[in-house]
Amino acid sequence: MLQITPSANQHISRAKTFAPQSQQTINNTIQHNADPQINSNNVVNFRGLFHTNQTLKAKKELIQVAKMMFDRNLTAGTGGNISCKCGDKILISGTKTCLGTLTPKDISVVDKTGKLISGPQPSSELPVHMAAYAQRDDIGAVIHSHSPYIRVYAVANQPLAEDILPECTKNFGTIPCEPYHFPGSDELASETTKHLKNNNVVIMGNHGLLAAGKDLMQAFKFTDAAEQLAQVSYLVNHSNLPKNSFTPEQVAKIRGQNK
Ligand SMILES: [Zn+2]
1 MLQITPSANQ HISRAKTFAP QSQQTINNTI QHNADPQINS NNVVNFRGLF
51 HTNQTLKAKK ELIQVAKMMF DRNLTAGTGG NISCKCGDKI LISGTKTCLG
101 TLTPKDISVV DKTGKLISGP QPSSELPVHM AAYAQRDDIG AVIHSHSPYI
151 RVYAVANQPL AEDILPECTK NFGTIPCEPY HFPGSDELAS ETTKHLKNNN
201 VVIMGNHGLL AAGKDLMQAF KFTDAAEQLA QVSYLVNHSN LPKNSFTPEQ
251 VAKIRGQNK
């Protein structure tokens, strides 16, 4: 049974910490749940499934970043999904899994066409992940999240057009908003990922956020920074405080376009 509602201590942890699971904790989780054994061909056997060391390492990182997402309140319950390239395969969280409690057996391995190779049924958002990888060769990881302030803009169907924080201006510019499409649909996959040609993140109307990075950590950082930009934007626009936006010259310098 998946643990969806965290304990009181976990609530405190989610609100106040940014620290990922320790590597020892991850290792213990892997060992406890998978009991891997490495044979002379450098192939790991856990519970009848054979994985290379490369796959096992990628699964450990995916579990760690998924836990960081849950702890940062970037997703809740069984919402959100996460994937990464691993050689010629793609690892993705399984359907109806909680990103805060993933174990190796919750991660699906699919080929480049999205066909299941091993593990559980993949996330229902597998099509949007596959379409994202098809947009740019440099995309190595994709994260779909349900963070609260991004969802405010998603419900408003508004792009996030704020040049107020340097790291967001550098990495995002204006974050586009794709209008609502039915979750898991091919239409959502094709229309949402078109924005990734020129953006690292895109708001999914009435839904959440899609972020693409060169690896899992970069996709996580984009997801986390976009949520903070949405939060700061919302708060400053609904306060009596003045707002100082960057000038075009400052924007150009931040983006390295003034050389
Ligand atoms: Zn979703």
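77 is the number that the numbering used here gives to position 77 of the sequence shown; each next residue is one higher, with no gaps.
Positions of the beta carbon are idealized from the N, C-alpha and C atoms, including for glycine.
Among the options, the one whose alpha carbon lies nearest that of residue i
{"i": "serine 145", "options": "Lys214, Thr247, Lys253, Gly77", "result": "Gly77"}
{"i": "glycine 173", "options": "Asp163, His181, Phe182", "result": "Asp163"}
{"i": "glutamate 249", "options": "Pro166, Thr55, Phe182", "result": "Pro166"}
{"i": "tyrosine 149", "options": "Gln228, Lys67, Lys60", "result": "Gln228"}
{"i": "histidine 195", "options": "Asn81, Lys96, Ala131, Thr52", "result": "Ala131"}
{"i": "threonine 103", "options": "Lys60, Asn81, Gly114", "result": "Lys60"}
Check: residue i C-beta below 8 Å from any heavy atom of ligand 1
{"i": "proline 183", "result": "yes"}
{"i": "asparagine 206", "result": "no"}
{"i": "glutamate 178", "result": "no"}
{"i": "glycine 100", "result": "no"}
{"i": "asparagine 157", "result": "no"}
{"i": "glycine 77", "result": "no"}
{"i": "histidine 144", "result": "yes"}
{"i": "glutamate 125", "result": "yes"}
{"i": "glycine 256", "result": "no"}
Cut-off 8 Å between Cβ atoms - residues of its own chain near residue i, not counting five sequence neighbours on either side
{"i": "valine 152", "result": "Ala230, Tyr234"}
{"i": "aspartate 88", "result": "Asp111, Lys112"}
{"i": "lysine 197", "result": "Gln135, Arg136"}
{"i": "leucine 241", "result": "none"}
{"i": "asparagine 237", "result": "Lys243"}
{"i": "proline 159", "result": "Tyr153, Thr174, Ile175, Pro176, Cys177, Ile203"}
{"i": "asparagine 200", "result": "Asn171, Phe172, Ala211, Ala212, Gly213, Phe222"}
Own chain residues within Cβ distance below 7 Å of residue i, not counting five before or after
{"i": "tyrosine 180", "result": "Gly205, Asn206, His207"}
{"i": "alanine 58", "result": "Cys84, Cys86, Leu91"}
Contact under 9 Å by Cβ, residue i with residue j
{"i": "isoleucine 143", "j": "valine 65", "result": "yes"}
{"i": "glycine 94", "j": "proline 122", "result": "yes"}
{"i": "leucine 126", "j": "leucine 91", "result": "no"}
{"i": "arginine 255", "j": "threonine 169", "result": "yes"}
{"i": "leucine 74", "j": "serine 147", "result": "yes"}
{"i": "aspartate 215", "j": "alanine 141", "result": "yes"}
{"i": "alanine 226", "j": "valine 128", "result": "no"}
6 Å CB neighbourhood of residue i in its chain, flanking five on each side removed
{"i": "tyrosine 133", "result": "Ile139"}
{"i": "glycine 119", "result": "Ile107, Ser108, Val109"}
{"i": "threonine 97", "result": "Asp106"}
Beta carbon proximity, residue i to chain D, threshold 9 Å
{"i": "tyrosine 180", "result": "Protein chains in the displayed structure number just one, and chain D is not present."}
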